[in-house]
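Everything below concerns the one structure shown next.
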Amino acid sequence: MSRPGRRSGLLALTAAVFVLAGCSAPQTPDPTVTRTPTSTPRPTGTSAAVAAIPWQPSGASTVLETGLEAPWSVLRLPSGSALISERDSGAVLERLPAGGLRPVGTVPGVVHQGEAGLLGLAVQADSAPASLYAYLTTGEDNRVVRMPLSGVPGSYALGAPEPVLTGLPKASNHDGGRIAFGPDGMLYVTVGDASDPQRAQDVAYLGGKILRLTPDGDAPADNPFPGSPVWSYGHRNPQGIGWDSRGTMWAAEFGQNTWDELNIIHPGNNYGWPVVEGVGGDPRFVDPVHQWPTDEASPSGLAVVGDTIFLAALRGERLWTVWPTDGGAPVSVAPFFAGEFGRIRDAVAVGDRIWLLTNNTDGRGSPRSGDDRLIEVPLTPAQAVKRPG
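If you're matching positions, the sequence shown starts at -8 in the working numbering and goes up one per residue.
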């Protein structure tokens, strides 16, 4: 429940953002933030792999689990277990360290419609008990909640959800939904434009944005727009975020009909949607470091191993591997497993391996025997990476 006066305080902060942005007030209800004191998590890295080595998939893949239903996010826990969200049912499953699946619980209030439902997961392992964060769609909004995560491998259970950020715009598509703790211990949230593209340019509206919050749901004092959780704006439907060994933040984004994007995210920057899609060459906006035709990508989850980026492609049905130049642009890219697994929703770094989560049962794919699956792919140093230029 919100504390007294919390909503009025947020309205005042939102009004201040209007002045900064020169935009008209949003017509949808203002997002509200609910706080509960908690400890700040330690910064977490993206991988134990050596940062300077470029990596690529190598060798035979291994199917770890089968029979998943519209899975959306896979989250490794420090204990060796992993949690998997199922979008339509709101269920959270545990993948045991030695293999096998068991139910952990169902997140209350999930309403599935189109692309909406139970989406991203993140863990705050340093609180006692550990806290599981989830991005979900309800009957009224998209929101982030956190739940106590009790138990040990084989007995994890979820406590009652507590709102962290509510009132995010929702729609049957373009809901964003990826959440992750960054190296700074802050919670990052991708929010789609909820099929209202023009308002992605309005920093007082939280659709079409990447947000940065404290673990309690506050706007950090060093965010680019005072009192606002907005970290970057002008996004269409970002669904993949990650940080490399240098601390650079990368984000993958669905385009509309022409170009999907890979962006380097800087605080306060405008990434152009809906004025431009892909590389626009307009000095008002930040161009992506790489773009793909939408039928080759439609990127969702993003994993980083050292400085190598892996993008899970839905419509493209492949894993894109991206090698930056000195931690930035230009980049070299190569596809792997084209058509082999079908739609790929998420990619997660597990040491010198990548876990892939297929998404053929989400209503847009063609399910195969055993779908949906969790797949492990070994990585090897890339001996020859062709650099552009």
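Positions of the beta carbon are idealized from the N, C-alpha and C atoms, including for glycine.
Item	Value
First and last residue of the uninterrupted beta strand (DSSP E) at W234	228 to 234
Under the three-state DSSP convention, the category Q192 falls into	helix
8 Å CB neighbourhood of V41 in its chain, flanking five on each side removed	Its pLDDT being 43, under 50, V41 is placed unreliably in this model, and the value from its coordinates should be taken loosely. So the list reads G297, once near-sequence residues are dropped.
Cα-Cα separation between L104 and S163, rounded to whole angstroms	Note on identity: in this sequence residue 104 is Gln, with Leu being the wrong assignment. Q104 and S163: Cα-Cα distance of roughly 5 Å.
Residue range of the unbroken beta strand (DSSP E) whose run includes M240	240 to 245
Coil, strand or helix - E331 by DSSP	coil
Burial state of S219 (16 or more Cβ within 10 Å)	buried
Whole-angstrom distance between S186 and G246, CA atom to CA atom	12 Å
Backbone CA spacing between L110 and G168 [nearest angstrom]	5 Å
Option in P152, S141, A148, T316 with minimal Cα separation from V135	P152
Per-residue DSSP class, three states only, for D337	strand
Cβ neighbour criterion (16 or more within 10 Å) applied to P160	buried
Residue from T157, G208, L370 with nearest C-alpha to Y179	G208
Contained beta strand (DSSP E) runs [length at least 3] in the region 68 to 97, N- to C-terminal order	73 to 77, 82 to 86, 92 to 97
Same chain only: Cβ atoms within 7 Å of G354, ignoring 5 sequence neighbours per side	none
Cβ neighbours of V341 in the same chain (closer than 7 Å, five flanking residues each side left out)	R67
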